[in-house]
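For this note's numbering, count along the sequence shown from 1 and bump the result up by 7.
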Amino acid sequence: MQKILFLFSIIFLAFFSPGLAQEKTLGNKQIEQEEPGLRQGDVLLIPFDERMYNSEFDRGLAEKEGLEFAQIRSIFRKAIDTSLYMNVLVDHSVITLLRWHNPDVAKDINKVWASVSFNYEDIEVEKPGAKGILKAKQKPQKAATSGPVKVSSGQLSKGQEDKEKHMAVVANNTEAFQEMYEKYGSIYFIFINQVDIKRAKGTSYISMEQNDFQKEARLHYTILNLKGERVASGVSVGSFHSGYSKLQDYIDKGIKPAAAKIAEQLPKTEQ
């Protein structure tokens, strides 16, 4: 237990400074915001469903860190949320729903999830100048069917085609967005739809044997506006060498850079 609490301390202290008023560290792992209704932000972070998580390295992390798989997922989930929060905060006011232990907030999360559909979409080949961001080829305005997306035995199904695709969300209706605007003042909504921690595509068996390859933290994301229109969608990639094998390495080298690139996709506020 002490080791788990120590890991949480490292993660959160790495992200937060004592001067932040909206969020603060309490003890060794807890971060709290003010109660709902007392804070507002033009960007709302929607926490991802832990079932939409794939990792090729959790077994090794569990052995190295002495953690259960569920604990690793939870730590990564909080790290993604915290990193997004800190990067979005540079240019926007921001609210995260993950930190409030409140039944009303849980209902808000479910309302937003119920108002969108999840579907795999093709993504463009990465272009020079946009390194680390793979964008959707199109911006469909109609709700995507949820047929190709399956959750089996509590985990994401591997049934998608072996093409470059990303998990996206499409708004079915905007009632929930309007509710969130009235409650939190939010006009942009960031969804993390799927998280992949994996080897880079094309990694050879020899590279794996020599432990000389690239690992990737791939964050599938969609940003919607108040009208349910898509602002941006794709996969943000944080790439790092296989020699980095500690849990904190995955956060510092993979998750943080990937989250920073997502924050850059938001429209800039007027000065």
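Virtual Cβ for every residue (Gly too), placed ideally from N, Cα, C.
Tell me whether residue i sits in a helix, a strand or coil according to DSSP, three-state version.
i	result
Met174	strand
Asp203	strand
Gly250	coil
Leu68	helix
Asn117	helix
Ile292	Residue numbering for the chain in the displayed model covers 8 to 278; residue 292 lies beyond these limits and cannot be assessed.
Ile262	helix
Phe125	strand
Glu271	coil
Val238	strand
Gln221	strand
Ser2	Lying before the first or after the last residue shown, residue 2 is absent from the chain, which here runs from 8 to 278.
Ser62	strand
Ser214	helix
Thr181	coil
Asp88	helix
Glu57	coil
Glu186	helix
Ser159	Summary for Ser159: the model assigns pLDDT 36, below 50, so the residue's position carries little reliability, and this model does not support an answer.
Thr152	Any reading at Thr152 must be qualified, since the residue scores a pLDDT of 37, below 50, and its modelled position is unreliable; the value itself is stated next. If DSSP states are grouped into helix, strand and coil, Thr152 belongs with coil.
On a Cα-Cα basis, can you pick out the residue from the options that is closest to residue i?
i	options	result
Thr89	Met215, Phe76, Ile79 and Leu104	Leu104
Asn126	Ser240, Arg66, Ile116 and Gln47	Ser240
Glu182	Val50, Val97, Asp115 and Ala270	Asp115
Gly261	Tyr195, Ser246 and Ser211	Ser246
Ser81	Glu70, Met59 and Gly67	Met59
Ala175	Gln185, Tyr92, Ser243 and Met215	Ser243
Phe64	Thr229, Ser249 and Ala267	Ser249
Leu51	Asn218, Arg106 and Met215	Arg106
Ala265	Asn218, Val119 and Ile199	Ile199
Pro54	Glu70, Glu72, Trp120 and Gln78	Trp120
Lys275	Phe76, Arg66, Leu96 and Ala77	Leu96
Asp111	Ile230, Ile197, Asn180 and Glu186	Glu186
Asn180	Lys172, Phe76 and Leu231	Leu231
Ile130	Glu75, Glu216, Asn218 and Thr229	Thr229
Asp56	Arg84, Gln217 and Gln78	Arg84
Ser122	Leu233, Gln272 and Lys71	Leu233
Leu226	Gln201, Met215, Val238 and Asn218	Gln201
Lys118	Leu74, Ala178, Glu70 and Gly73	Ala178
Asn218	Ile269, Tyr251, Tyr195 and Glu171	Tyr251
Ile269	Ile197, Phe76, Glu216 and Lys71	Ile197
Asp49	Ile79, Phe184, Glu75 and Glu216	Phe184
Leu273	Asp256, Tyr195 and Lys263	Tyr195
List the whole-angstrom C-beta distance separating residue i from residue j, where the pair is believed to meet the contact cut-off of C-beta under 8 Å.
i	j	result
Asn109	Asp203	Not a contact, Cβ separation roughly 30 Å.
Ala315	Ile213	In the structure as shown, the chain begins at 8 and stops at 278. Residue 315 is therefore absent and cannot be evaluated.
Leu68	Leu254	6 Å
Glu236	His173	Wrong, their Cβ atoms sit about 18 Å apart, outside the cutoff.
Considering only DSSP beta bridges, list what residue i is partnered with.
i	result
Asn94	In the DSSP output, where bridge partners are listed per residue, Asn94 has none listed.
Ile102	Leu51
Leu231	Phe196 and Arg237
| message | Within 8 Å, do at least three Cβ pairs link the stretch 206 to 223 to the stretch 91 to 105? | response | no
| request: Decide if the stretch 218 to 227 is in contact with the stretch 186 to 194; the criterion is three or more beta carbon pairs, one per stretch, under 8 Å apart. | output: no
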